[in-house]
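**Q** In the numbering used here, the protein residues as written are 21 to 240. From the three backbone atoms N, C-alpha and C, an ideal C-beta is built for every residue, glycine too. Keep in mind the model is a prediction, meaning the values are calculated, not measured.
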């Protein structure tokens, strides 16, 4: 019987650039909110990073540019990396938003697309991403080296990183954890890893572990 194999991490050929603006009810008086939201698609809005936000250094605020600029909400956390990607790619261009309506079932959240140099951007092809924008941090380098790391060490690494994320509040990228898991599963199917191996445990000795020739730094 042919053994099952696990494919590498799925990398879609394009990224949908839909952005959701949340928190509008906190920045517009309740008596004005319904009218404001109905008029929002006619307003000119722009993105602006807020690196000193005490709750989230990746926060991206949305400003209404009609008349005097004012804060109307924030890009939801699931979309902030897309927003930061665009701001890095077009670092010399102000990114505006085209509001296209309300989020179904969330009547105070707005749906918008970024506007670059007057053109609405709904889809971004990964093939158009410049090579110098591909991250080369320690986590990215680790993913590239997974094939050279023994399965047992990958399992230890996975448990340590999840421990650091959940117990020490380190900022560990989810794609890194997913890639490690997929690599472990690939190993188990391809080399029939010994199922009698002892269970790996994580304790206070994490700092004693060495992962290859490099080191992982706290990016939190």
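#1: Would you verify that the beta carbon of residue 36 is, or is not, closer than 8 Å to some beta carbon of chain B?
#2: Could you please give the first and the last residue of the uninterrupted alpha helix (DSSP H) stretch that includes residue 158?
#3: Does the beta-carbon distance from residue 123 to residue 40 come in below 8 Å?
#4: Would you kindly work out how many angstroms separate the C-alpha atoms of residue 175 and residue 162, rounded to a whole number?
#5: Looking at C-beta atoms only, is the number of pairs between the region 141 to 150 and the region 84 to 93 that lie closer than 8 Å three or more?
#6: So for residue 113, helix, strand or coil by DSSP?
#7: If you run the structure through DSSP and keep just helix, strand and coil, what is residue 133?
#8: Is it true that the CB of residue 37 sits closer than 8 Å to the CB of residue 69?
#9: For residue 204, name the three-state secondary structure that DSSP assigns.
#10: Check whether the region 129 to 139 and the region 108 to 116 are in contact - that is, three or more C-beta pairs closer than 8 Å.
#11: From what residue to what residue does the beta strand (DSSP E) around residue 93 run?
#12: Give the single residue among 208, 60, 198 whose Cα lies nearest to the Cα of residue 127.
#13: If I'm right that residue 100 touches residue 79 with Cβ under 8 Å, what's the distance once you round it to whole angstroms?
**A** So, from the data block:
#1: In the structure shown, chain B cannot be found, because there is only a single protein chain.
#2: Note, residue 158: alpha helix (DSSP H), 158 to 164.
#3: Yes.
#4: A direct Cα-to-Cα measurement between residue 175 and residue 162 gives close to 14 Å.
#5: With a cut-off of 8 Å on Cβ pairs, the region 141 to 150 is not in contact with the region 84 to 93, counting fewer than three such pairs.
#6: Residue state, collapsed to three classes: coil.
#7: It is a strand residue.
#8: No. Outside cutoff.
#9: Three-state result, residue 204: helix.
#10: Contact holds: three or more Cβ-Cβ distances are below 8 Å.
#11: Per DSSP, residue 93 belongs to the beta strand (DSSP E) from 90 to 95.
#12: Closest by alpha carbon: 60.
#13: That belief holds up - the Cβ atoms of residue 100 and residue 79 are roughly 7 Å apart, short of 8 Å.
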